[in-house]
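A quick write-up on the structure given underneath.
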Amino acid sequence: MSVPTNSRTLSAADLDSTDTKEPRIQDERLGERLGLSRPRDIRKLIDRNRAELEGFGPLAPRWRKSRGQDFEEYWLNEAQALLVCTFARTDRAAEVRRELIMVFLAWRRGSLPTRLPRWTPTRGEMRDINSRASQILQTRFGAVRDALVAQIRADRLAGHIRPLSDYAIEPTTLLPSNDPGLPKLDDGQALFCIEGRMVLTDITDARPKPGSEVIAIAVADDTGPARFAIESTPPAPNWFDRCFLARPTDPRDLVRPVVVVIGTVIEEG
97 MSVPTNSRTL
107 SAADLDSTDT
117 KEPRIQDERL
127 GERLGLSRPR
137 DIRKLIDRNR
147 AELEGFGPLA
157 PRWRKSRGQD
167 FEEYWLNEAQ
177 ALLVCTFART
187 DRAAEVRREL
197 IMVFLAWRRG
207 SLPTRLPRWT
217 PTRGEMRDIN
227 SRASQILQTR
237 FGAVRDALVA
247 QIRADRLAGH
257 IRPLSDYAIE
267 PTTLLPSNDP
277 GLPKLDDGQA
287 LFCIEGRMVL
297 TDITDARPKP
307 GSEVIAIAVA
317 DDTGPARFAI
327 ESTPPAPNWF
337 DRCFLARPTD
347 PRDLVRPVVV
357 VIGTVIEEG
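Start counting at 1 in the sequence shown, then tack on 96, and there's your number in my numbering.
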């Protein structure tokens, strides 16, 4: 299965020339971008083709430690990375080869791009991301799920059959509070404490515009709720209705995290 949350195109952050005079890319990062379910397995591919790869220079191994165990990773130059893409023959191989050429070319010119091509997810990635986003909403925000189910049941008991797309997330709050010092929450609003500050949020607004401030959860590692700024509209028409690409938290990073939007920020207190 491909990695479902990888919205990252290759970028300047993936190249390193600390130990060599030329830029190189980590083997595991390349395996991740190629869509391997176990990115480290790319080392088996490298070992099988070591003789040909070393014809373009040393593999520049580095020793790392994980979970108390030492392991060796490879840092590939441009020619080696392109060859590995050819050996891998994954669905993404051609796309990744183009990204490698762009990034290494920009490095040589001294003009690394501030933005790389738009990510177009495969159908498999879409299914995985949508499933993950739905799981986050259901497991982390049971109040939302319960309120929707209650609305649907009430309508059907009254003889009203409506399409599921008609149901908004109201009236419920994700974090109800009885503290009289906090603002009263209207239907469809939630109050979050983000980095010590209270943030009032409209949880019925599931289609924020680019630049909007939102409270969301990162799909990749289930962190949050946290505050994000929306980078762009969904990259595909069948994108899960609360999934968006957010702006990187570090402005030097070109990684746009996929986030599940809980709501749009109304005010911060």
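From the three backbone atoms N, C-alpha and C, an ideal C-beta is built for every residue, glycine too.
These numbers come from a predicted model, not from an experiment.
Between which two residues does the beta strand (DSSP E) holding residue i run?
i	result
Asp293	Residue identity check: residue 293 is Arg in the sequence provided, not Asp. Note, Arg293: beta strand (DSSP E), Arg293 to Asp298.
Glu327	Ala322 to Ser328
Using the DSSP secondary-structure output, state which residues sit across from residue i in a beta bridge.
i	result
Thr360	Asp298 and Val310
Cys339	Val356
Glu148	DSSP lists no partner for Glu148.
Glu169	Arg158
Ile290	Arg293
With residue i as the anchor, note down where its alpha helix (DSSP H) starts and where it stops.
i	result
Ile142	Ile138 to Arg144
Ala175	Glu174 to Ala184
Arg374	Not covered by the structure: residue 374. The range shown for the chain is 97 to 365.
Could you check how far apart the C-beta atoms of residue i and residue j are, in whole angstroms? I think they sit under 8 angstroms.
i	j	result
Leu253	Cys181	Incorrect: roughly 57 angstroms between the Cβ atoms, too far for contact.
Arg343	Glu327	5 angstroms
Thr360	Pro306	Contact doesn't hold; Cβ gap of about 12 angstroms is too wide.
Leu111	Glu148	Rounded, the Cβ-Cβ distance is 22 angstroms, inconsistent with contact.
Ala314	Pro353	5 angstroms
Asp115	Arg139	Asp115 to Arg139, Cβ: 18 angstroms. No contact.
Answer with buried or exposed for residue i, where buried requires no fewer than 16 other C-beta atoms within 10 angstroms of its C-beta.
i	result
Pro135	buried
Phe167	exposed
Asp298	buried
Arg160	exposed
Pro154	exposed
Val356	buried
Arg120	buried
Pro157	exposed
Ala190	exposed
Leu341	buried
Leu201	exposed
Thr345	exposed
Ile257	exposed
Ser113	exposed
Arg338	buried
Glu150	exposed
Ala250	exposed
Count the CB pairs spanning the region 182-197 and the region 114-130 that are closer than 8 angstroms, and state whether there are at least three.
-> yes
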